[in-house]
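In UniProt numbering, the protein residues as written are 1 to 486. Report on the structure given below.
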Ligand SMILES: Cc1ncc(COP(=O)(O)O)c(C=O)c1O
């Protein structure tokens, strides 16, 4: 696929077509602002009205094209409208299969379950059960928490700083974000928050392996402290790489420590693979990097091949709940199962997991190498094609690990500058100061280069006061960011 760039207008008639299309797009955006809720999210940062999308490219109504590094918040493993997906959808539509099937058995569900189980670590899949949930990651998180509360007869939950698990009550309770929780009364109070090993801004102020060791030691000692205030919990839930938290990968040794600590105390371990699954981190499932076998895995996003689908898969010993214990109307989306099965098989067959590891490592290395020329890049991290670039105030005082203050204002301007350059990137992390790259696994080498060129140019333009257009980075001209969240 060729790399897309914003179109050039060559004739007067083409110019008037483009301006009519731009006016139509502006009108749609105006109506959206007038009619949709103030809680709308991505629409605020990306005033784009997509008309067509293919692979990594999104084309707006106004004819502008963008490289999409958001991929439906990490959903589109194969990019937009991959032929494997559209063919599976077309075949299913033509077959006359019911599009809505509650939780009845269908050939598409049977095929999807086969395809999914074939990708799971054998030690987990061999004795696993699957539950089809309402079609969003958050509902599968609810199901996993409720299942473990039912199975253990306990209430409390262990969750981590920086976590994101969704927006329904239980998922929100185990998430870290304070601003979205504060206005909601009565969220499950019995959540014990443990420190996630975030090396760059280490909760213990030491970073690296040592920070991760301290995080594990803290968790273990807290659970064993008879006056530590933690009643034996129903489960621990964690992300192997925190996504919305800013592409923060947990060290494999830390994940193994969490497995040991929970197993020794009879606490079920739920791993949330909603964002990390289906090859994104350079393993089919991110737990495979560490060899950890969890008690439950929560999956959504990419498993539906771009259509809504969410499941929880768990060890059969926990299959204790009563019929209807986690029911819902939209648990039988036939098209999503067909698209998902096709996607899972294609990712496995085409070696896209290894490709994600290789391209991701190359992209991260090139971004890391930019740190000298662009001192606003404080940290480059991630795993596979889940990459975070944390932007900082390069003149602010460093903390005990050497990290400069986060620069959310800079990040906001970089996101806008990327959009101007035909690149869609989203922010995340503690202060929304981390640029997150989640390109599809099918990203070509040329597209990867174009993403990096546009991002580097945008960071240089914002932080060095340089206009875009390919000149060198002027050192010493960095604009000051207060470091405070916008
Ligand atoms: C790790 C993780 N868990 C759960 C969710 C919630 O999924 P959904 O937005 O489909 O409810 C997300 C969404 O970004 C996520 O990243």
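Beta carbons: idealized from backbone N, C-alpha and C, even for Gly.
For residue i: DSSP bridge partner residues
{"i": "residue 192", "result": "158"}
{"i": "residue 463", "result": "BP columns for residue 463 are empty, so no partner."}
{"i": "residue 131", "result": "312"}
{"i": "residue 383", "result": "386"}
{"i": "residue 442", "result": "Per DSSP, none; premise fails for residue 442."}
{"i": "residue 237", "result": "270"}
{"i": "residue 296", "result": "270 and 314"}
{"i": "residue 377", "result": "391"}
{"i": "residue 437", "result": "387"}
{"i": "residue 426", "result": "436"}
{"i": "residue 490", "result": "Only positions 1 to 486 of the chain appear in this structure, which leaves residue 490 out of reach."}
{"i": "residue 406", "result": "392"}
Separation of residue j from residue i, as counted between CA atoms
{"i": "residue 333", "j": "residue 99", "result": "6 Å"}
{"i": "residue 25", "j": "residue 305", "result": "28 Å"}
{"i": "residue 14", "j": "residue 41", "result": "33 Å"}
{"i": "residue 192", "j": "residue 186", "result": "16 Å"}
{"i": "residue 239", "j": "residue 372", "result": "31 Å"}
{"i": "residue 205", "j": "residue 404", "result": "13 Å"}
{"i": "residue 256", "j": "residue 148", "result": "20 Å"}
{"i": "residue 139", "j": "residue 174", "result": "13 Å"}
{"i": "residue 422", "j": "residue 416", "result": "10 Å"}
{"i": "residue 391", "j": "residue 452", "result": "15 Å"}
{"i": "residue 236", "j": "residue 48", "result": "39 Å"}
{"i": "residue 234", "j": "residue 29", "result": "45 Å"}
{"i": "residue 487", "j": "residue 227", "result": "The displayed coordinates of the chain run from 1 to 486. Any statement about residue 487 would go beyond what the structure contains."}
{"i": "residue 339", "j": "residue 144", "result": "24 Å"}
{"i": "residue 375", "j": "residue 393", "result": "8 Å"}
{"i": "residue 199", "j": "residue 253", "result": "14 Å"}
{"i": "residue 279", "j": "residue 118", "result": "14 Å"}
{"i": "residue 345", "j": "residue 136", "result": "21 Å"}
{"i": "residue 208", "j": "residue 449", "result": "29 Å"}
{"i": "residue 219", "j": "residue 160", "result": "10 Å"}
{"i": "residue 489", "j": "residue 335", "result": "Nothing in the structure corresponds to residue 489, since the chain is present only between 1 and 486."}
{"i": "residue 108", "j": "residue 303", "result": "13 Å"}
{"i": "residue 378", "j": "residue 73", "result": "23 Å"}
{"i": "residue 2", "j": "residue 447", "result": "Confidence is the limiting factor: at residue 2 the pLDDT is only 38, short of 50, which leaves the residue's position unreliable, though a coordinate-based value still follows. The alpha-carbon atoms of residue 2 and residue 447 are separated by roughly 8 Å."}
{"i": "residue 65", "j": "residue 282", "result": "28 Å"}
{"i": "residue 18", "j": "residue 63", "result": "7 Å"}
{"i": "residue 400", "j": "residue 324", "result": "52 Å"}
{"i": "residue 461", "j": "residue 216", "result": "41 Å"}
{"i": "residue 167", "j": "residue 183", "result": "13 Å"}
{"i": "residue 242", "j": "residue 77", "result": "18 Å"}
{"i": "residue 169", "j": "residue 150", "result": "17 Å"}
{"i": "residue 441", "j": "residue 224", "result": "42 Å"}
{"i": "residue 395", "j": "residue 411", "result": "16 Å"}
{"i": "residue 259", "j": "residue 361", "result": "27 Å"}
{"i": "residue 22", "j": "residue 12", "result": "15 Å"}
{"i": "residue 113", "j": "residue 79", "result": "22 Å"}
{"i": "residue 287", "j": "residue 293", "result": "7 Å"}
{"i": "residue 146", "j": "residue 154", "result": "10 Å"}
{"i": "residue 16", "j": "residue 291", "result": "58 Å"}
{"i": "residue 195", "j": "residue 27", "result": "46 Å"}
{"i": "residue 301", "j": "residue 96", "result": "26 Å"}
C-beta neighbour in chain C for residue i, strict 8 Å
{"i": "residue 277", "result": "The structure shown contains no chain C; it holds only a single protein chain."}
Can you check the segment 37 to 124 for any alpha helix (DSSP H) of at least 4 residues that lies completely inside it and give the ranges in chain order? 42 to 45, 71 to 74, 83 to 95 and 107 to 119
Is the number of C-beta pairs between the segment 232 to 248 and the segment 380 to 387 that are closer than 8 Å three or more? yes
Given 8 Å, three or more beta-carbon pairs between the segment 423 to 436 and the segment 266 to 280: no
Is the segment 45 to 64 in contact with the segment 313 to 320, if contact means three or more CB pairs nearer than 8 Å? no
Stretch pair the segment 409 to 428 + the segment 250 to 265: three plus CB contacts closer than 8 Å: no
Lining residues of ligand 1 - beta-carbon closer than 6 Å to any non-hydrogen atom, in sequence order: 73, 136, 137, 138, 141, 164, 165, 166, 239, 243, 244, 272, 274, 275 and 300
For the segment 311 to 357, list the beta strand (DSSP E) runs that are entirely contained and at least 3 residues long, ordered along the chain. 311 to 315
Any contact of the segment 323 to 331 with the segment 120 to 135, i.e. 3+ C-beta pairs under 8 Å? yes
Which runs of the beta strand (DSSP E) fall wholly inside the segment 167 to 212 and span at least 3 residues, in chain order? 191 to 194
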